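This report concerns only the one structure given below.
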Amino acid sequence: RSMRLYLLKCMERARGLSFVRGTLAEEPLSETNWVKEWRDLHDIDFEKFIGAALVPKWNPFLGESQDLAEYREATVAVMELMTTTSTAKLTRYAQDISLLPEEKRRKHVGGLLLAVCQEPGLLAALEEPHHRPPWRPMLCEWLATSSDLKVTDKERMLLRIFSGDDQPIQELPEEHRKWLETFVTYGGRKMDDLLRWRVLGHLAAVLIAAPETSLLHSLRCMMLDPEKMTKDFPAFLPAMDEDIRSRVLKALVERGENIWKFKSHWWKCSCGFTFFIGECGRPMEVAKCPGCSLNIGGRDHNQTEHTFQDDESDRSPWGYVLPPAEKDEKHVTFREVQSSSARAIRLMLHGSMFLGIMAASKPGTQDPLPKIYGPLANESVCTLRQCIEAQYIGSHFA
76 RSMRLYLLKC MERARGLSFV RGTLAEEPLS ETNWVKEWRD LHDIDFEKFI
126 GAALVPKWNP FLGESQDLAE YREATVAVME LMTTTSTAKL TRYAQDISLL
176 PEEKRRKHVG GLLLAVCQEP GLLAALEEPH HRPPWRPMLC EWLATSSDLK
226 VTDKERMLLR IFSGDDQPIQ ELPEEHRKWL ETFVTYGGRK MDDLLRWRVL
276 GHLAAVLIAA PETSLLHSLR CMMLDPEKMT KDFPAFLPAM DEDIRSRVLK
326 ALVERGENIW KFKSHWWKCS CGFTFFIGEC GRPMEVAKCP GCSLNIGGRD
376 HNQTEHTFQD DESDRSPWGY VLPPAEKDEK HVTFREVQSS SARAIRLMLH
426 GSMFLGIMAA SKPGTQDPLP KIYGPLANES VCTLRQCIEA QYIGSHFA
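If you want this note's numbering, it's the 1-based position in the sequence shown plus 75.
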């Protein structure tokens, strides 16, 4: 053993760590008996060392902050199972958090999801089909069936997926399975795929833990309880387009048009046709209405009998209004939010909806991927109801 370690140390000094990792993972060294025996021990540190270049290296949850206490407790319990193949500590952890008040329980469930995402979840990307560690089936079974783990069915599904258990996805019909490949880490996934997967895992954990007073609570409802969003109809979602009249006004001002502020500029004909008057916002010309051919506008600030001032109430469209991803605007902005921030908000919205679709899946049933966002889709501008939700929302997230 000492000679082998000496050999590896010499290789590191001469060529660097990356060379040692690559050599151990490739023939002929990977086929030597001592490397095979080493891998058969399912040494977690050894597997991480070999696959360091294949998975994200940075762990954002390392530190002594009190905000990370739930994550650290859960990590200890998960690592105990991975090193001893015993679920005893994980079961005690689940029993302890089941006695906590609901808000604290959810925070610990979020910590557990972060722990399984960071450790067994990422390790799944390094595992080979015929070389999986003995603790893997035990963890999968415990998360799927443990009665000590007091979680909802949707929370349990997310815990299973982000622990690296792809069985729920494999049990779905092919026409649904292909749209949920983002949630799979096995099979030689690229770094970009794993980063998207980890973003979803971190978002799921944060939303599970979000209290009702949090700004993230609406996204938690989108993920775990979308029915709540439709109770007060119509529902208005974050990151959707604003009133088109506001966008027109801003575009004219940005172009340098002489538009007086604090004046109403929107008018309408008796037939309902809406039009805009610039500068001071009062009518100075008469024109034919494109809708009914009556005279609209006016002279010397006096409107015609068929012209009425429109109200200033916000007419932003209700519900989910975005077109398919390939037809959506690339430069996103709304309500004077900067483009980068606007895209981040939409990423979080689509991430929470994508997670909601995965959490609500029911493998092995007649309706394995039920539609849950149909009532939120504004059919006048959006075709979500006519499409597979996982495809429609997943394309926006990607």
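Yeah, the Cβ is synthetic: ideal placement off N, Cα and C, and Gly gets one too. Bear in mind the structure is a predicted one, so any value in this text is a computation, not a measurement.
Query, Result
"Cβ neighbours of aspartate 385 in the same chain (closer than 8 Å, five flanking residues each side left out)", "Ser339, Trp341, Trp342, Lys343, Thr349"
"CB contact flag (leucine 459, alanine 452, <8 Å)", "yes"
"Residue burial classification, glutamate 230 (beta-carbon count within 10 angstroms, cutoff 16)", "buried"
"Closest residue to phenylalanine 409 among Lys336, Pro212, Arg322 (Cα-Cα distance)", "Arg322"
"Residue from Phe351, Cys346, Asp241 with nearest C-alpha to cysteine 367", "Cys346"
"Close beta carbons around threonine 98, own chain, < 6 Å, minus the five adjacent residues each side", "Leu104"
"Through-space distance from glutamate 360 to aspartate 375, alpha-carbon basis", "8 Å"
"Buried or exposed by the 16-neighbour rule on C-beta atoms within 10 Å, applied to isoleucine 432", "buried"
"Glutamine 170, enclosing alpha helix (DSSP H) - first and last residue", "163-173"
"4 or more residues per run - each alpha helix (DSSP H) lying fully within the region 210-235", "210-220"
"Same chain only: Cβ atoms within 7 Å of glutamate 454, ignoring 5 sequence neighbours per side", "Arg460"
"Exposed unless 16 or more other CB atoms sit within 10 angstroms - verdict on proline 209", "exposed"
"Local conformation of lysine 343 per DSSP, three classes", "strand"
"Reduced DSSP category for tyrosine 261 - H, G, I as helix; E, B as strand; rest coil", "coil"
"CA-to-CA distance, glycine 186 to arginine 273, given in whole angstroms", "14 Å"
"Which listed residue (Glu101, Lys336, Ala314) has its alpha carbon closest to that of histidine 425", "Ala314"
"Isoleucine 468, DSSP secondary structure in three states", "helix"
"Bridge partner(s) assigned by DSSP for valine 412", "Phe409"
"Cβ contact (3+ pairs, closer than 8 Å) linking the region 162-176 and the region 140-154", "yes"
"Chain-order list of residues whose beta-carbon lies under 6 Å from that of glycine 439 (same chain, five-residue window excluded)", "Glu246"
"Rounded C-alpha distance that separates isoleucine 447 from valine 95", "49 Å"
"Reduced DSSP secondary structure (H/G/I, E/B, other) of asparagine 333", "coil"
"DSSP bridge partner residues for glycine 372 (one or two, in chain order)", "Val361"
"Beta-carbon spacing of glycine 469, threonine 260 below 8 Å", "no"
"Cut-off 8 Å between Cβ atoms - residues of its own chain near alanine 417, not counting five sequence neighbours on either side", "Ala314, Val407, Thr408, Phe409"
"Glutamate 354 - partner residues in DSSP beta bridges", "Ile334"
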